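J.:
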Amino acid sequence: MYTLLIDKNAERFIKKLDKNTRLRIKDALLEIQETPFSASNVKKLSNLNLYRKRVGDIRIIYEIIEGKLIVHVIKIGFRGDIYKRY
Numbered sequence: 001m002y003t004l005l006i007d008k009n010a011e012r013f014i015k016k017l018d019k020n021t022r023l024r025i026k027d028a029l030l031e032i033q034e035t036p037f038s039a040s041n042v043k044k045l046s047n048l049n050l051y052r053k054r055v056g057d058i059r060i061i062y063e064i065i066e067g068k069l070i071v072h073v074i075k076i077g078f079r080g081d082i083y084k085r086y
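With full-length UniProt numbering, the residue at position 47 of the sequence shown is 47, and numbering never jumps.
So this is what it looks like as structure tokens:
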């Protein structure tokens with residue numbers, strides 16, 4: 001199992017969501033922690049060593065640090081906002 005590190009901005013975004021959405025995000029993060037490469041709705045972003053997971057209209061952007069077994073969640077946000085940067 002990988003260690004999950006969540007960026008402060010991602011944590012702030014999660015806190016602003018309603019309870020049901022927060023639970024869906026939590027479940028998605030647990031799935032990423034267990035199987036970061038083969039979790040459902042995961043795609044590798046082109047030209048970057050980043051992955052994204054889709055949870056409805058929300059995207060979770062993360063990187064996998066293989067040598068240390070770490071999944072670093074870089075950003076969580078709505079689809080339109082996420083793809084402006086990535």
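By construction, the Cβ of each residue, glycine as well, lies at the ideal position given by its N, Cα and C atoms.
Note that the coordinates shown come from a computational prediction; the quantities given were computed from them, not determined experimentally.
With DSSP collapsed to three states, give me the class of residue 21.
T.: helix
J.: Rounded to whole angstroms, what is the Cα-Cα separation between residue 43 and residue 18?
T.: 26 Å
J.: Going by the beta-carbon positions, is the gap between residue 31 and residue 1 smaller than 8 Å?
T.: Contact: no.
J.: Between the C-alpha atoms of residue 29 and residue 84, what's the straight-line distance to the nearest angstrom?
T.: So the alpha carbons of these two residues sit roughly 22 Å apart.
J.: Identify whether residue 78 lies in helix, strand or coil by the three-state DSSP scheme.
T.: Three-state result, residue 78: strand.
J.: Report the rounded CA-to-CA distance for residue 162 versus residue 64, giving the unit in angstroms.
T.: No answer is possible for residue 162: the residues shown for the chain start at 1 and end at 86.
J.: Go through its chain and collect everything with a Cβ distance to residue 73's Cβ below 8 Å, but skip five positions before and after it.
T.: 4, 5, 6, 7, 10, 29, 32, 60, 61 and 62
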